[in-house]
Amino acid sequence: MFDSSFFVAISFLIFVGLVIYMGLPRMIISALDKRSEDIQEELDEARNLREEAQKILAKEKKNLDKAEEESKNLIKKAKQQVDEITKKAEQTLKEDIERKKRIAELKIEQAQIEALNDVKARVANLSFEITKNYLSKNLDKKVSKSILDDSISEIKKNL
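Residue numbers for the sequence shown follow this note's numbering, beginning at 6 and rising by one.
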């Protein structure tokens, strides 16, 4: 009448009844709920960390962009300063060359004037000596002195 399958089924039902009576499903459900909560907390923490990392990444990208912009501005300003300094140096060099050219021209002009004056003085002295010699040989003393005095005063006026 009762075969072994029947007893196995009865044993299984008794085992299931004891398990239910002892609260094993609640314990399993509680453990699964606890594990589910732990997983959810880990997911929330991972999500928060990810959001925080994205914020930090965005902030650092902003800082990097800002630093790149600042470096570009610094390079641009440095190039402008180099251009300005170069232009000023070129202008100063041109002014120095022009000033030295004017000084050289003035020195040349002064040397020409001095040479001309020196030639005039030598010509005057030579003329004076020639006239003096000529007059002293060819004129009497009284007339020659008068002509000599006139010539000297004439030469002094011209110089």
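Idealized CB from N, CA, C, for every residue including glycine.
| Query | Result |
| --- | --- |
| Is the CB-CB distance between I160 and A129 below 8 angstroms? | yes |
| Between A36 and L62, what straight-line distance do the alpha-carbon atoms span, to the nearest angstrom? | 38 angstroms |
| Inspect the beta-carbon positions of T136 and S156 and report whether they are closer than 8 angstroms. | yes |
| Between which two residues does the alpha helix (DSSP H) harbouring F7 extend? | Looking at the DSSP string, F7 is not in any alpha helix (DSSP H), and its letter there is neither H nor E. |
| Please report the distance separating the alpha-carbon of P30 from that of V24. | 7 angstroms |
| According to DSSP, simplified to helix, strand and coil, what is G28? | coil |
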